[in-house]
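First comes the structure, then the notes that go with it.
Number of protein chains: 2
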Amino acid sequence: MNIVISKIKKHIENNYTQFIKNFLRLLECPSVSTDKEGIEKAVDVIVELLKEVGADVKTYKIDGGNPIIYGEIKGDKNSSIMFYDHYDVQPVDPLDRWISPPFKPRIEDDKIYARGASDDKGNLISRILAVKTLKDSLGELPVNVKFLFEGEEEIGSPSLPKFVINYKEQLKADVCIWEGGGFNKNGRPMIYLGAKGVIYVELRVKRRGDDLHSSWGTIIENPAWRLVSALSTIRDIKGRILIDGFYDEVIDDPEAEELISKINIDRSEIEAMTSNGELIEDLPLPDLLRRWLLSPTVNICGIYSGYVEKGQKTVLPSHGFAKLDIRIVPRMHPDRVLMLLKKHLAKFGFSDVEVEILNHGYPAARTSPNTPQVRLAKLVAEAVSSKEAVVFPNIAGSGPIYLITDILGQPCFSFGVNHPGSNIHAPNENLIINNFMKGILQCSLYLLNFDSWVRLGNAPYLNA
Amino acid sequence: MNIVISKIKKHIENNYTQFIKNFLRLLECPSVSTDKEGIEKAVDVIVELLKEVGADVKTYKIDGGNPIIYGEIKGDKNSSIMFYDHYDVQPVDPLDRWISPPFKPRIEDDKIYARGASDDKGNLISRILAVKTLKDSLGELPVNVKFLFEGEEEIGSPSLPKFVINYKEQLKADVCIWEGGGFNKNGRPMIYLGAKGVIYVELRVKRRGDDLHSSWGTIIENPAWRLVSALSTIRDIKGRILIDGFYDEVIDDPEAEELISKINIDRSEIEAMTSNGELIEDLPLPDLLRRWLLSPTVNICGIYSGYVEKGQKTVLPSHGFAKLDIRIVPRMHPDRVLMLLKKHLAKFGFSDVEVEILNHGYPAARTSPNTPQVRLAKLVAEAVSSKEAVVFPNIAGSGPIYLITDILGQPCFSFGVNHPGSNIHAPNENLIINNFMKGILQCSLYLLNFDSWVRLGNAPYLNA
Chain G
9 MNIVISKIKK HIENNYTQFI KNFLRLLECP SVSTDKEGIE KAVDVIVELL KEVGADVKTY
69 KIDGGNPIIY GEIKGDKNSS IMFYDHYDVQ PVDPLDRWIS PPFKPRIEDD KIYARGASDD
129 KGNLISRILA VKTLKDSLGE LPVNVKFLFE GEEEIGSPSL PKFVINYKEQ LKADVCIWEG
189 GGFNKNGRPM IYLGAKGVIY VELRVKRRGD DLHSSWGTII ENPAWRLVSA LSTIRDIKGR
249 ILIDGFYDEV IDDPEAEELI SKINIDRSEI EAMTSNGELI EDLPLPDLLR RWLLSPTVNI
309 CGIYSGYVEK GQKTVLPSHG FAKLDIRIVP RMHPDRVLML LKKHLAKFGF SDVEVEILNH
369 GYPAARTSPN TPQVRLAKLV AEAVSSKEAV VFPNIAGSGP IYLITDILGQ PCFSFGVNHP
429 GSNIHAPNEN LIINNFMKGI LQCSLYLLNF DSWVRLGNAP YLNA
Chain Y
9 MNIVISKIKK HIENNYTQFI KNFLRLLECP SVSTDKEGIE KAVDVIVELL KEVGADVKTY
69 KIDGGNPIIY GEIKGDKNSS IMFYDHYDVQ PVDPLDRWIS PPFKPRIEDD KIYARGASDD
129 KGNLISRILA VKTLKDSLGE LPVNVKFLFE GEEEIGSPSL PKFVINYKEQ LKADVCIWEG
189 GGFNKNGRPM IYLGAKGVIY VELRVKRRGD DLHSSWGTII ENPAWRLVSA LSTIRDIKGR
249 ILIDGFYDEV IDDPEAEELI SKINIDRSEI EAMTSNGELI EDLPLPDLLR RWLLSPTVNI
309 CGIYSGYVEK GQKTVLPSHG FAKLDIRIVP RMHPDRVLML LKKHLAKFGF SDVEVEILNH
369 GYPAARTSPN TPQVRLAKLV AEAVSSKEAV VFPNIAGSGP IYLITDILGQ PCFSFGVNHP
429 GSNIHAPNEN LIINNFMKGI LQCSLYLLNF DSWVRLGNAP YLNA
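Quick note, the sequences are listed as chains G and Y, same order.
Taking this note's numbering, the leading residue of the first sequence gets 9, the next gets one more, and so forth.
Taking this note's numbering, the leading residue of the second sequence gets 9, the next gets one more, and so forth.
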């Protein structure tokens, strides 16, 4: 039996109550991105925890945004590992759908319910506690650790690019472990090697004057119809985007394709995650995964015009808008996609449709599954779970991972503590406590093996 | 000088203050269709006024709806004239855009401002006061008069069809003067000979489950996209409806065409009425009028799906809906139009789009300009105004006039007291006081000449 791993496991077991307490303290902070007081509370808790584990901590404010918390701890070896997480959380609406108050964490059965439990306070705390575990149980930290925690992830990370560019040298590490990742319902680790990029725009149509009586609809332009007509030129009913050149930069990524072909999850897992949402097209699983993970798309997040209360009102609306998010994949550039969208609207005669850019967005990012950093993640996760890991080329969602991969030039992946029923961005968000503890162990072992693995190709601490 | 006309004019002049008082009493009743107390107050005022002029009055409640007030006065001749008006009014929202409270009538310059001033309390009161004028000034009423006043016009007249069918015999008259009508900005009388029919539906799309994270947009159906795709098959960008068979029953009406060709109003009047709303197509005036008044159409009154607040939320909506009013012209039947719409959606693969019928609607109605009843209206209106009347084949809007023309089988038209800046259905609704007084005179002279005109082709009381 490996004494080092035993010590680590024992330490996590013995500190179970204390670790949960640390987690609950952070969950109690109502750190919705726009709640300055809640944000401050969360920053205080995190800074205190980081100082407790011996980190050198600073907070940075960029253009009056929420603080970026940056902490560094020197380790015994030269390798450096960065953790990216965020301490801000989604708004709690609809509040009446929560069984218990979102900022009064409730433990029931094997889960903790609270806003932010999975997104992203669980990973954030588990990673600090992994460092604490190594230091307390082994008396040493085997690598340098850099914590990069932001408070604006849920509002598009406006401060992060400037921070990363300004502090590029200081942030250099051998790998970055991103937020997210977890275990599926069978306990198999889920590892993600990237994210899509995203752009967010609002299409707006406005007529001169106020709402008119709808009897004018025969001769006066109706912004709702204009919007519908313009939108209908963008996408066909099979979901294919009709903007000229939209797919030009989407190229085959053999590594991503190979990962997709190896994703042997059950179709019912996708069904469960989408509450059995109707599929646009009923495809075989690999094709479905390919479209889900490797395709760009344009999605209507919201559309509004005119009278939308109960019953009838006969009105010719004065304006209308649609909110669109455009998910892009590697090689696609936000500037070019926006240019293509505007060109498309002009080509089809919709130059009256204004394109307001709500988030100029960022590109996608992916790390190769063949990097030693990712291969170690798989080894460690499988050792901790005794289950085969599922490795995704990227999440279907987005995150500014390009800052790590493209600006800092280092590999980046996610493994963590979440599960498919986490209810991220929804009422009754929750985390499975056992996953939280497994996540601490997983992180500890990753840190412990890293230097030896990248230098010598040897991971000595996998099996207890 | 015609003594009879002089007497009538003098009486109206002498009772100016009293007539305004009567009008203000009704305007003070907050008789929004859904306000039971306001409705009751208005009913009391009207019943009292009708009794004052010697009418035999009854109120009828159909299926718990707002009372229909029916009043009859016997006259000296056998001919009968019916007045249709409504005492309910539109809601007052947006209240903050009113300069003075909507149910505290304000007199400024030459206008009375109040909700319902034009739609339709001005016409309603002016017609009662015409009867009063004749009786008080001449000591007699030259024809039988039937008042049909409802309190549900603004919510689609749900009680009226049953009432008309049940009391068909009692309601028989030689003509019905409908609500609406008025004078344009140059003081020319505006006479309308009918209305379009209308149907109101809501198209609904629902996905299983709640809102999802928008990253599922690549593979899961988005109700907003479904709605946009379905709607876009219904109408082209020039406003032409693409439903198979939609125009099949629209046939040329030479009388309507001739009226259109004679409408010599200024293009700027249309521009003013629409606050310079952008035209779908820039057509010559007669074509514009033809499309406005003689074409059926489908209009989006409202559309909603997903996130429509400020800023961004990346969501795949769980449902969406669009509210459509369908304006139909003579010969089109609501049942058939609804059937065509459903068939169209099915044909294009949108059987998941539910068609909820909010108002099953009614057909259009038109009265020939060559009926003696209409010809007299034109003569009287032109005599009162000393201006050439503008005769429209119908209003662009709708009203259940078919109950009069098709069920009772009698001619029906509108002439009245409104003006293009009345702000009907909008804040600061108003009426020009001079039009109100002209309307009383116009109605008086119509009643006075009617029997002689229809029997002998002679209208002796036109020129003072």
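Virtual Cβ for every residue (Gly too), placed ideally from N, Cα, C.
Original post:
Is any beta-carbon of chain G found at less than 9 Å from that of Y/Y370?
Top reply: Chain G, which has no Cβ nearer than 9 Å to the Cβ of Y/Y370, makes this no.
Subject >> Proximity to Y/I133 [Cα-Cα], best of Y/I336, Y/L387, Y/H341, Y/V53 >> reply: Checked all of Y/I336, Y/L387, Y/H341, Y/V53; the closest Cα to Y/I133 is Y/V53.
Original post:
So, are the CB atoms of Y/Y208 and Y/I334 less than 9 Å apart?
Top reply: Cβ distance < 9 Å, so Y/Y208 and Y/I334 count as in contact.
Original post:
Y/G190 and Y/G424: beta carbons closer than 9 Å?
Top reply: In this structure, Y/G424 lies closer than 9 Å to Y/G190 by Cβ.
Subject >> Beta-carbon contacts of G/L456 that lie in its chain and below 6 Å, excluding the five residues immediately before and after >> reply: The beta carbon of G/L456 is closer than 6 Å to those of P150, Y469 in its chain, skipping five residues each way along the sequence.
Original post:
Quick one: is the Cβ of Y/R335 within less than 8 Å of any heavy atom of the ligand ADP?
Top reply: As far as ligands go, the structure on display features none, and thus does not contain the ligand ADP.
Original post:
Where DSSP assigns a beta bridge to G/S88, which residues make up the other side?
Top reply: G/S88 has G/N152 as its beta-bridge partners, per DSSP.
Original post:
Which of helix, strand or coil does DSSP assign to Y/A373?
Top reply: Three-state DSSP puts Y/A373 in a strand.
Subject >> Inter-stretch contact at 8 Å, needing at least 3 Cβ pairs: the stretch 220-236 of chain Y / the stretch 301-311 of chain G >> reply: The stretch 220-236 of chain Y is in contact with the stretch 301-311 of chain G.
Original post:
Is it right to say G/L416 is buried, meaning 16 or more other beta carbons lie within 10 angstroms of its own, or is it exposed?
Top reply: Taking a 10 Å sphere around the C-beta of G/L416, we find 16 or more other C-beta atoms and assign the residue as buried.
Original post:
When Cβ atoms are compared, which residues of the stretch 220-244 of chain Y fall closer than 7 Å to chain A?
Top reply: The chain inventory of the structure shown lacks chain A, comprising the protein chains G and Y.
Original post:
With a Cβ-Cβ cutoff of 9 Å, do Y/K204 and Y/V337 count as a contact?
Top reply: Taking 9 Å as the Cβ cut-off, Y/K204 and Y/V337 qualify as a contacting pair.
Subject >> Residues of the stretch 245-273 of chain Y whose Cβ lies closer than 9 Å to any Cβ of chain G, in chain order >> reply: Within the stretch 245-273 of chain Y, I245, G247 place their CB atoms closer than 9 Å to a CB of chain G, listed in sequence order.
Original post:
Going by DSSP, which residues form a beta bridge with G/R114?
Top reply: Checking the DSSP bridge columns, you'll see G/R114 partnered with G/Y121.
Subject >> Residues of its chain near Y/S376, where Cβ-Cβ distance is below 8 Å and the 5 sequence neighbours each way are ignored >> reply: Taken in chain order, the residues that qualify are L201, E263, V382, P419.
**OP:** List the residues of chain Y whose Cβ lies closer than 8 Å to the Cβ of G/D218, in chain order.
**Re:** Residues of chain Y passing the Cβ test: S283, A434.
Original post:
Within the 9 Å Cβ cut-off, does Y/R123 reach chain G?
Top reply: Cβ-Cβ to chain G under 9 Å: no for Y/R123.
Original post:
Opposite G/H94 in the DSSP bridges: which residues?
Top reply: G/E158, per the DSSP bridge assignment.
**OP:** Work out the CA separation of G/S165 and G/E437 for me, nearest whole Å.
**Re:** Between the alpha carbons of G/E437 and G/S165 lies a distance of about 22 Å.
Original post:
Is the Cβ of G/S460 closer than 9 Å to any Cβ of chain Y?
Top reply: Under the Cβ distance rule, G/S460 does not count among the residues neighbouring chain Y, no pair being separated by less than 9 Å.
Original post:
Of all the residues that make up the stretch 295-323 of chain G, which are near chain Y by a beta-carbon distance shorter than 7 Å?
Top reply: Answer set for the stretch 295-323 of chain G: L296, R299, W300, S303, T305, N307, I308, C309, G310, I311, Y312, S313, G314, Y315, V316, G319, Q320, K321, T322, V323.
Original post:
Are the C-beta of G/Y208 and some C-beta of chain Y separated by less than 9 Å?
Top reply: G/Y208 counts as touching chain Y.
Subject >> Spatial neighbours of Y/F356 in its chain, beta-carbon cut-off 8 Å, leaving aside the 5 residues before and after >> reply: These residues qualify, in order along the chain: A238, T241.
**OP:** Keeping to the same chain, check which residues put their C-beta closer than 8 Å to that of G/E277; ignore five residues upstream and five downstream.
**Re:** Within its own chain, the residues whose Cβ lies closer than 8 Å to the Cβ of G/E277, once the five positions on either side in sequence are excluded, are N192, K193, P428, listed in chain order.
Original post:
When the Cα atoms are used, what is the spatial distance from G/D93 to G/I47?
Top reply: Taking the straight line from one Cα to the other gives about 14 Å.
Subject >> Sequence-distant residues of its chain with Cβ nearer than 7 Å to G/A280 (five each side left out) >> reply: The residues are P428.
**OP:** Mind listing the chain Y neighbours of G/K44? Cutoff is C-beta to C-beta under 9 Å, in chain order.
**Re:** Under the 9 Å cutoff, chain Y gives no residues; its nearest Cβ is about 17 Å from G/K44.
Original post:
Taking the alpha-carbon positions, what's the Y/D343 to G/Q320 distance?
Top reply: Straight across, the Cα-Cα distance linking Y/D343 with G/Q320 is about 19 Å.
Subject >> Three-state secondary structure assigned by DSSP to Y/P197 >> reply: DSSP, reduced to helix, strand and coil, places Y/P197 within a strand of the structure shown.
**OP:** Closer than 9 Å by beta-carbon distance: list the chain G residues that pair up with Y/E286, in chain order.
**Re:** Contact of Y/E286 with chain G by beta-carbon distance below 9 Å involves R215, R216, I228, E229, D360.
**OP:** State the start and end residues of the unbroken alpha helix (DSSP H) segment that holds G/L32.
**Re:** First-last of the alpha helix (DSSP H) with G/L32: 24-35.
Subject >> CA-to-CA distance, G/E36 to G/P169, given in whole angstroms >> reply: Each residue's Cα considered, the two are about 29 Å apart.
Original post:
Does DSSP put G/H221 in a helix, in a strand, or in coil?
Top reply: Here DSSP, grouped into helix, strand and coil, assigns G/H221 to strand.
Original post:
Which ranges does the alpha helix (DSSP H) cover as unbroken runs of at least 4 residues, wholly within the stretch 296-335 of chain G, from first to last along the chain?
Top reply: Runs of the alpha helix (DSSP H) inside the stretch 296-335 of chain G: none found.
**OP:** Anything in chain Y within Cβ reach of G/P401, meaning under 9 Å, just list it in chain order.
**Re:** Those do not exist, as G/P401 stays about 14 Å from chain Y at its closest Cβ, beyond 9 Å.
**OP:** Using a Cβ-Cβ cut-off of 9 Å, state whether Y/S406 counts as contacting chain G.
**Re:** Output row for Y/S406: interface = yes.
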